[in-house]
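A.B. asks: Sequence positions in the sequence shown follow numbering that gives the first Met the number 0 and run 0 to 178. Cβ coordinates follow ideal geometry from the N, Cα and C atoms, glycine included.
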Amino acid sequence: MPVRDDRRLFELLLLEGAQAGLSWSIILRKRPGYRRAFAGFDPRRVARFGPREVRRLLADEGIVRNRAKVEAAIGNAQAFLAVQAEHGSFAEYLWRFVAGRAVQNRWRSHAVVPAETDVSRALSADLRRRGFRFVGPTICYAFMQAIGLVNDHTLDCFRYRAVARLAAGPPRRLSAAGA
0 MPVRDDRRLF ELLLLEGAQA GLSWSIILRK RPGYRRAFAG FDPRRVARFG
50 PREVRRLLAD EGIVRNRAKV EAAIGNAQAF LAVQAEHGSF AEYLWRFVAG
100 RAVQNRWRSH AVVPAETDVS RALSADLRRR GFRFVGPTIC YAFMQAIGLV
150 NDHTLDCFRY RAVARLAAGP PRRLSAAGA
């Protein structure tokens, strides 16, 4: 579903980074712990976390206790705020990668849905240039799917048409090779 709320975007970006190398079921079970540990996904508060908060987070069984991921979440909050300041909102920044409307793919099977695309590679490169971490092209594509930049529901999925209707303007298709 298309997401344009910055706090929700920060939440999903943080969770996508935490999920790297793990199953989504682990992260979904720990989502309440992440919400509590990361100040309700408030990027302004997370950006101010220091060494004391890092120690607290590394001792918190409610989240994935990986130092690199914890420190990346804090650094990503700082970079997130910089993007907001530059673009007015993080949503404005993200949606420009798809010209403001969701890419509508027409997959017949999950087996053909790509793990990354030219757009996810471009987003990943730009995020990294801005100081974000745990934002490789595969993570970025999963993030794009989660926030509705791309509709990868298969044609036989009950959600496909409802999500497609939410796209502004005529449908766009993005192949695995890119737009």
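Less than 7 angstroms between C-beta atoms, sequence neighbours within five positions excluded: which residues of the same chain meet that for Ala141?
C.D. replies: Residue numbering aside, residue 141 sits at position 142 when the sequence shown is read from its first letter. Counting only Cβ-Cβ distances below 7 angstroms, and skipping sequence neighbours, we find Glu15.
A.B. asks: Does the region 48 to 58 come within contact of the region 21 to 33, defined as at least 3 CB pairs closer than 8 angstroms?
C.D. replies: At 8 angstroms Cβ cutoff, the stretches do not touch.
A.B. asks: Can you tell me whether Val102 is buried or exposed? The criterion is at least 16 other CB atoms within 10 Å of its CB, across all chains shown.
C.D. replies: One-based indexing of the sequence shown puts residue 102 at position 103. It counts as buried.
A.B. asks: Cα-Cα, which of Ala145, Arg43, Leu13 is closest to Tyr33?
C.D. replies: Reading the sequence shown from its first residue, position 34 is the one you call residue 33. The candidate whose alpha carbon is nearest that of Tyr33 is Leu13.
A.B. asks: Extract the residue ranges of the beta strand (DSSP E) inside the region 57 to 134, only unbroken runs of 3 or more that lie entirely within it.
C.D. replies: DSSP runs (the beta strand (DSSP E)) wholly in the region 57 to 134: none.
A.B. asks: Among Phe79, Leu21, Asn104, Ala90, which residue has its Cα nearest to the Cα of Arg127?
C.D. replies: Numbered from 1 along the sequence shown, position 128 holds the residue referred to as residue 127. Of Phe79, Leu21, Asn104, Ala90, the residue nearest in Cα terms is Phe79.
A.B. asks: Suppose you measure from the CA of Arg6 to the CA of Asp155; what does that come to, to the nearest Å?
C.D. replies: One-based indexing of the sequence shown puts residue 6 at position 7. One-based indexing of the sequence shown puts residue 155 at position 156. So the alpha carbons of these two residues sit roughly 31 angstroms apart.
A.B. asks: Give me the DSSP bridge partner(s) of Val2.
C.D. replies: Taking the first residue of the sequence shown as position 1, residue 2 is located at position 3. Paired residues: none, contrary to the question.
A.B. asks: Count the CB pairs spanning the region 90 to 99 and the region 58 to 68 that are closer than 8 angstroms, and state whether there are at least three.
C.D. replies: Too few Cβ pairs lie closer than 8 angstroms, so no.
A.B. asks: Thinking Asn150 and Asn104 are a contact (beta carbons under 8 angstroms), I'd like their distance in whole angstroms, please.
C.D. replies: Here the question's residue 150 lines up with position 151 in the sequence shown. Here the question's residue 104 lines up with position 105 in the sequence shown. Rounded, the Cβ-Cβ distance is 6 angstroms, consistent with contact.
A.B. asks: Under 8 angstroms between the Cβ atoms of Ala36 and Gln77?
C.D. replies: For the purposes of this step, residue 36 is taken as the residue at position 37 of the sequence shown. For the purposes of this step, residue 77 is taken as the residue at position 78 of the sequence shown. Not a contact, by the Cβ cut-off of 8 angstroms.
A.B. asks: Determine, using beta carbons only, whether Pro1 and Leu165 come nearer to each other than 8 angstroms.
C.D. replies: As a position in the sequence shown, residue 1 is number 2, starting the count at 1. As a position in the sequence shown, residue 165 is number 166, starting the count at 1. Against a cut-off of 8 angstroms, the Cβ pair of Leu165 and Pro1 comes out as a contact.
A.B. asks: Note the first and the last residue of the continuous alpha helix (DSSP H) segment covering Arg30.
C.D. replies: In the sequence shown, counting from the first residue as 1, residue 30 sits at position 31. Where Arg30 is concerned, the enclosing alpha helix (DSSP H) stretches over 23 to 36.
A.B. asks: Does the distance from the C-beta atom of Ala108 to that of Thr153 stay below 8 angstroms?
C.D. replies: Sequence index remark: in the sequence shown, residue 108 carries index 109 (1-based). Sequence index remark: in the sequence shown, residue 153 carries index 154 (1-based). Correcting the residue identity first, residue 108 is Ser in this sequence and not Ala. Yes, these two residues count as a Cβ contact at 8 angstroms.
A.B. asks: Please identify the residue among Arg129, Ser24, Val134 whose C-alpha is closest to the C-alpha of His86.
C.D. replies: Sequence index remark: in the sequence shown, residue 86 carries index 87 (1-based). Selected option, being the one with the closest Cα: Arg129.
A.B. asks: On a CA-only basis, which of Leu56, Arg160, Gly39 is nearest Ala71? Give me that one, please.
C.D. replies: In the sequence shown, residue 71 corresponds to position 72, counting from 1. Checking every option, the nearest Cα to that of Ala71 belongs to Leu56.
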